[in-house]
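Colleague:
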């Protein structure tokens, strides 16, 4: 993860999540302190992110031997 990833805003525990996780799970709970977190994101950016991941997978599949 770029920049070390996301941490819980309450207890600062590293969460080990990335943008893909947040898009799929915009509300989650910290496993350490059980704080509930709600992440807002721009739907246009989320769609571009998903499209980019599909393009990466397509490229990876095209170069497999």
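Residue numbers (this note's numbering): 70 to 134. Cβ coordinates follow ideal geometry from the N, Cα and C atoms, glycine included. Predicted model, so just to flag it, every value in this text is computed and none were measured.
By a C-beta neighbour count over all protein chains shown, 10 Å radius and 16 as the cutoff for buried, is residue 91 buried or exposed?
Modeller: Label assigned to residue 91: buried.
Colleague: Let me know the secondary structure DSSP gives residue 101 once reduced to three states.
Modeller: Three-state result, residue 101: coil.
Colleague: From residue 124 to residue 117, what distance separates their C-alpha atoms?
Modeller: The straight-line gap from Cα to Cα measures roughly 10 Å.
Colleague: Can you give me the Cβ contacts of residue 80 inside the same chain, cut-off strictly under 6 Å, excluding the 5 residues immediately before and after it?
Modeller: Hits under 6 Å: 101, 102.
Colleague: Straight-line CA distance for residue 76 to residue 113?
Modeller: So the alpha carbons of these two residues sit roughly 24 Å apart.
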